[in-house]
Structures are given as structure tokens and as C-alpha cells.
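Take a look at the structure set out below.
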Amino acid sequence: MNTDTLIDQLAGDVPRVPRRARLYRLGGGIVAGAIVTLMAVTLGLGVRPDLAIAMHGFAFWMKWIYTISLGIGSLAVTAQLARPEAPRLRRFWPLVIPFLLLGAVGAVEMAHVPTADWLAMWLGKSWKICPWLVLVLAAPIFVGLLWSFRRLAPTRLRAAGAAAGFTAAAWAATLYCLHCPEVSAMFVLTWYTLGMMLAACVGALCGPRLLRW
Amino acid sequence: MRVSEDQLRAWMTGGLDGDAVAHAALLKALVPILRAFYRRRLSDSGEIEDLVQETLIAVHTRRASYDRDRPFTAWLFSVARYKMIDSFRRERRHCNIEGLDEIFGTEGFEEASNARVDVDRLLDGLPAKQAGAIRKTRLDGLSTAEAADAAGISESDVKISVHRGLKALAARIRGEGR
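Laid out in C-alpha cells, this is it:
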């Protein structure tokens with residue numbers, strides 16, 4: 001096609017793009033996917049029966065603050081990788097804070113529990129299934145993010161895929177908290193994080209294929 | 214005649230606000246810039262024109278990824294470079310496997326990658342501005358003007374950064390040799 005014709009065609013369709021379009025777009029993808037994930041948690045797994053009581057307790061909020069802070073931080077990284085310019089990722093070092101904080105809580109927790117109970121506390125009742133559920137629940141949100149990326153311009157596809165996978169899993173884990181009855185910090189630090197890492201690996205593996213443009 | 218960063222950015226912002234005239238002016242002004250960008254790196258004129266068009270389409274469909282507070286040309290050249298790399302990747306996929314020996318043999322892949330590692334290590338020791346200027350003008354093949362646009366600094370600033378950076382590198386290499 002002639003380049004001038006192409007320009008005329010493109011210039012015929014110029015919708016307004018709001019100032020924070022990148023974040024809106026990513027947020028929209030996450031929310032759309034999260035609705036599906038939320039339905040899977042409430043209808044498929046079932047909300048934990050003691051949710052109203054648990055919401056007054058420490059463990060629930062510890063989990064939520066952990067997953068939500070990772071969700072916000074990794075979204076910021078994903079947004080950075082959705083721009084074509086070389087990313088400046090060094091300023092995202094605060095992302096390690098949630099890990100360190102939860103590790104500290106875990107250490108205090110273990111200090112108050114006899115050594116004999118450490119393993120039970122660490123494995124909980126659902127360690128075998130928890131990472132996999134986080135991974136599966138992340139899938140709809142990851143698909144939502146793939147939709148977001150259709151108007152964005154990632155140039156490091158592997159990194160962008162990994163960031164999107166981690167972000168999706170962090171928000172999936174946030175919703176999974178509505179079901180999961182586990183209370184120990186070491187449990188969350190190990191098995192929730194493992195689920196997020198798995199999702200990041202899947203994202204890194206299929207990023208170059210799915211995010212190409 | 215090259216259109217200034219400020220003018221391009223004004224058109225881009227206008228287009229983002231829904232001004233179709235500004236958007237058309239932007240795309241028209243980008244054609245010679247992109248042609249020059251690709252011509253400096255490729256020789257096949259059909260391939261160059263394809264890439265120019267693909268980049269225009271990407272500029273149009275992916276404009277939500279542009280941040281109004283940042284330099285426009287840096288964004289543009291990042292998109293252009295990605296499109297070029299992507300087209301290389303696509304072609305390699307269709308590359309005849311019988312020719313691979315020659316490609317690997319002639320490219321001196323190992324020496325090139327070792328050299329690259331050394332260069333990266335050396336550049337890491339420099340201030341970010343100097344390292345960036347050297348990387349852009351001497352390694353990525355950008356012109357001084359492009360590098361200046363991309364970093365959002367003046368051309369003379371780029372030249373000075375390159376000069377000082379290279380001088381510091383030379384001093385360091387002499388030091389390492391000892």
C-alpha cells in the first residue's frame with residue numbers, strides 16, 4: 001500500500017487518549033480478568049465460612065497487605081515494561097519490602113511456636129494445592145493483561161510477560177484469600193509466593209510469543 | 214528538513230487529545246525521519262518502506278504507550294528499533310537452514326559477544342549519561358542528533374559526554390593492563 005494512503009486511513013480514526021491511558025488500560029484488563037477469577041473463587045472454591053470473623057483478625061490482613069502491595073508494585077513494573085523505551089527497573093527496589101516484612105512476621109511467629117510444630121505451620125493444610133490454585137486463578141487476569149498490551153508497546157517481551165504473570169498472580173492470590181483459611185506467615189511467604197513465581201515463569205515463557213506486535 | 218522534537222511532540226499531544234489534523238501532520242512528518250532511520254541500517258528499499266509503514270501503524274495503534282511527559286523521539290525510535298528487530302526475527306525464521314554454517318562462520322559470533330560483554334562491563338563503570346551517550350552513538354549506531362533527542366539533552370552535551378566517557382575508558386583500560 002502507498003504510504004500516503006495509509007496515513008490518510010490512520011488519520012481518519014483518531015480517538016482521544018486520556019493522559020493516564022496506560023494505567024487505565026492495564027487496570028481495565030486486570031479488573032476484567034479479576035471478575036472471572038472472583039467468580040471462580042466464590043462459585044468454584046467457595047468463600048471461607050468464617051470470612052466475617054477472619055476479617056477482624058491479623059492473619060487475614062497480613063495476607064491481604066502482602067498480596068495487594070505486591071499487586072500494586074508489580075503492576076507498576078508491568079506498566080513500565082509496557083512502554084517501548086528501555087525500562088528503568090532499579091527504582092522498583094521497594095518491591096522487596098513486602099517479602100522482608102512478611103519474613104520478619106514469620107520469624108516472630110516461629111519464635112512463639114515450639115520447634116516441633118514448625119513443619120505443620122509451614123505446610124498448613126493446603127501447601128500441595130495452594131501454589132497451583134494461585135497459578136490457575138491468575139490465568140483470567142493474565143488474559144486480561146494480554147488484552148491490555150494490545151494497545152501498548154512492550155519491547156522486552158520476556159520481561160513484560162514475566163511481570164504480567166506475576167501481577168496477575170498477585171491479584172489472583174488477593175482474591176484467593178477469600179477462600180484460603182491458612183494463617184501462618186511462613187505459609188504465605190512460601191506457597192503464595194511460589195504460585196506467583198510459577199505464573200511469572202509461565203509469563204516469561206510465553207511472553208515473546210503472545211506479546212509480539 | 215527535520216522537524217523539531219517540540220513540534221512532533223505538540224502534534225502527538227494534539228493527536229492524543231483527538232485532533233485528527235495534528236495526528237495526520239505527525240504521521241506525515243514521521244515518514245522522512247523513519248526512512249532516514251531505516252536507510253542508515255538497511256539497504257533493501259522495499260524492506261525499508263515496509264518497516265516505515267509498520268512503524269506508522271504501530272505509532273497509531275500503540276500511542277497509549279506514549280507518556281506525554283517524556284521525549285517523543287525517544288519513544289518513536291524505540292518503536293522503530295523494535296519493529297526492525299522484529300522483522301529480523303521473522304526473517305530468520307524463514308532463513309534456509311543450509312546457509313546457517315556460513316552465517317555463523319562469517320559473523321564471528323563468539324568474538325563479537327565476548328567483546329560486547331567487555332564493553333558492557335567497562336561502560337558500567339562510567340556515569341550513566343556518558344555510558345548512555347557512548348552506547349547510543351558508538352554501539353547502537355544513532356546519530357548525535359538522534360542520541361540527543363533520545364536522552365532529552367543537547368547535541369553538544371552528547372558530544373562532550375562521548376568525549377569524556379571515551380577518555381575515562383581509555384584511562385581505565387591502561388590501568389587494567391598494568
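The listed protein sequences derive, respectively, from chains A and B. FYI, the working numbering numbers position 108 of the first sequence as 108, with every residue one higher than the one before it. FYI, the working numbering numbers position 156 of the second sequence as 369, with every residue one higher than the one before it. Where is the CB? At the ideal position from N, CA and C, for every residue including glycine.
- Between P15(A) and chain B, the shortest Cβ-Cβ separation is below 8 angstroms.
- Against P140(A), chain B offers no close residue; the least beta-carbon distance is about 22 angstroms (beta-carbon pairs closer than 7 angstroms).
- When DSSP assignments are scanned along the region 30-79 of chain A, no uninterrupted stretch of beta strand (DSSP E) that is 3 or more residues long falls wholly within it.
- Straight-line spacing of the CA atoms in A381(B) and L335(B) works out to 10 angstroms.
- Take the alpha-carbon of L123(A) and the one of F187(A): they are about 6 angstroms apart.
- A distance below 7 angstroms between beta-carbons, with the five flanking residues on each side excluded, links G207(A) to the following residues of its chain, in chain order: L157, R158, A160, G161, A162.
- At a cut-off of 8 angstroms between beta carbons, W213(A) contacts chain B.
- The beta-carbon separation of F166(A) and M196(A), rounded to 5 angstroms, stays under the 8 angstroms limit for a contact.
- Of the residues assessed, L10(A) falls on the buried side of the cut-off, its CB having 16 or more other CB atoms within 10 angstroms.
- The residue from A277(B), I261(B), H236(B) with its alpha-carbon nearest to that of R25(A) is A277(B).
- Interface residue (Cβ-Cβ distance to chain B less than 8 angstroms): P84(A) is classified as such.
- Between P154(A) and T37(A), the beta carbon gap of about 23 angstroms keeps them out of contact (Cβ cut-off 8 angstroms).
- Each residue's CA atom was taken as its position, placing T67(A) and P114(A) some 28 angstroms apart.
- For W122(A), the secondary structure class from DSSP, reduced to helix, strand or coil, is helix.
- For T78(A), no Cβ of chain B is located within less than 8 angstroms of the residue's own Cβ.
- Within its own chain, the residues whose Cβ lies closer than 7 angstroms to the Cβ of S374(B), once the five positions on either side in sequence are excluded, are K342, Q343, A346, listed in chain order.
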